[in-house]
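Below is one structure, written out as structure tokens; the observations come after it.
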Ligand SMILES: C[S@@+](CC[C@H](N)C(=O)[O-])C[C@H]1O[C@@H](n2cnc3c(N)ncnc32)[C@H](O)[C@@H]1O
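In our numbering, the protein residues as written are 2 to 315.
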């Protein structure tokens, strides 16, 4: 099992206390080391008898926790979580300070392909970031390149939050995703827009005609795809794009990253980025008949974690 630190349930503060120095606690430390959201991390456990400082992590006995500022306490145990919480409360810690690990923070080690993952939480969380992401990353490229908006594809569109913005630029926009639920949602979302079509695709097959598309973009989806899927998908892009057509692809740049070693399992990496990078994209483009017009290395919580490649079918 892999245990995800409950990033969504802790507030920004100078410090955090992790209760539990076992396998889950150690995994939390690794995640905090990469993401660096706290200046100081305290780790406590019944088994810790004396204090020790390693970098910005302070290991200390349970009794010393009560002398610390009122930082949140993240309980690094699923099995004994409730018992630990009750003990802390009995000793005077306010219940609101204790952050529990939920069942969905525990993930199977096995690799789930991005098309079989449940994106529902993502869909609702991401919805508020549409305009800012569009204006920061996609709009400058639209201004810079002479894209044709005759027939456009949003690949791995999810529930259509970016497609909504692009639909007003496009004569015809096709929303493509492997999730039937997401596509059903898009059908409802765009029911008033006669220029938008919504299609369920196969993980490695896009059901669109050869040489039928002028522009294709994919936002915050292929960042999770591994080398093999991108290899297949680029072949698909090459098939459906017209000669000279562009693809704007937001993908991972996590392989050979300066600040961490990317795992083969995308779900273990910061922001679930896959073990893939800008160099891999250049290599695959060469194989599948694309020229790389430009690559923008970009930050996503972590410096240089992602890349946007603008590629053109030869
Ligand atoms: C993180 S969501 C991003 C959705 C959307 N682009 C956005 O920014 O809101 C990833 C999406 O990729 C879709 N997906 C995963 N694998 C896919 C594949 N092989 N082909 C098409 N869609 C895929 C998922 O169903 C999901 O909707």
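We put the beta carbon where it would ideally sit given N, CA and C, even for glycine.
List the residues that DSSP assigns as beta-bridge partners of residue i.
i: residue 199; result: 176
i: residue 36; result: BP columns for residue 36 are empty, so no partner.
i: residue 55; result: 58
i: residue 248; result: 217, 312
i: residue 17; result: 42
i: residue 1; result: The structure shown does not extend to residue 1, since the chain spans only 2 to 315, so no value can be given for it.
i: residue 295; result: 311
i: residue 253; result: 307
i: residue 3; result: 108
i: residue 100; result: 75
When every heavy atom of ligand 1 is checked, does at least one fall within less than 6 Å of the C-beta of residue i?
i: residue 178; result: yes
i: residue 152; result: no
i: residue 120; result: yes
i: residue 271; result: no
i: residue 65; result: no
i: residue 267; result: no
i: residue 127; result: yes
i: residue 163; result: yes
i: residue 255; result: no
i: residue 183; result: yes
i: residue 202; result: yes
i: residue 96; result: no
i: residue 227; result: no
i: residue 220; result: yes
i: residue 116; result: yes
i: residue 123; result: yes
May I ask you to report which of helix, strand or coil DSSP gives residue i?
i: residue 310; result: strand
i: residue 242; result: strand
i: residue 217; result: strand
i: residue 71; result: coil
i: residue 143; result: helix
i: residue 183; result: helix
i: residue 301; result: strand
i: residue 188; result: helix
i: residue 107; result: strand
i: residue 152; result: strand
i: residue 92; result: coil
i: residue 170; result: coil
i: residue 135; result: helix
i: residue 8; result: helix
i: residue 121; result: helix
i: residue 269; result: helix
i: residue 258; result: coil
Compare the C-beta of residue i with all C-beta atoms of chain C and state if any pair is closer than 7 Å.
i: residue 209; result: Among the chains in the structure shown there is no chain C, since it carries only a single protein chain.
Per the contact definition of three or more C-beta pairs closer than 8 Å, is the region 227-239 in contact with the region 270-288? For the pair of segments examined, the region 270-288 was found to touch the region 227-239: the number of CB pairs separated by less than 8 Å reaches three.
Count Cβ pairs between the region 29-46 and the region 11-18 that sit closer than 8 Å; are there 3 or more? Segments in contact, yes.
Okay, do the region 153-160 and the region 132-145 touch, 3+ Cβ pairs below 8 Å being the bar? The region 153-160, when compared against the region 132-145, does not touch it at the 8 Å Cβ threshold.
Take every Cβ of the region 83-91, pair it with every Cβ of the region 173-185, and state whether three or more of those distances are shorter than 8 Å. In the pairwise beta carbon analysis, the region 83-91 is classified as not touching the region 173-185: fewer than three pairs are separated by under 8 Å.
Below 8 Å, how does it come out for the region 256-270 and the region 141-148: are there three or more Cβ pairs, yes or no? Because the criterion of three Cβ pairs below 8 Å is not met, the region 256-270 and the region 141-148 do not touch.
Is there contact between the region 108-125 and the region 20-29, where contact requires at least three CB pairs shorter than 8 Å? No: fewer than three Cβ pairs fall under 8 Å.
Is it the case that the region 239-259 contacts the region 219-228, given that we only count it when at least three CB pairs across the two stretches are under 8 Å? Proximity of the region 219-228 to the region 239-259 meets the contact definition, three or more beta-carbon pairs being nearer than 8 Å.
Touch check for the region 289-297 and the region 262-275: three-plus C-beta pairs under 8 Å? The region 289-297 vs the region 262-275: no contact.
Can you find at least 3 beta carbon pairs, one from the region 98-111 and one from the region 2-11, that sit closer than 8 Å? By the C-beta criterion, the region 98-111 is judged to be in contact with the region 2-11, since at least 3 inter-stretch pairs fall below 8 Å.
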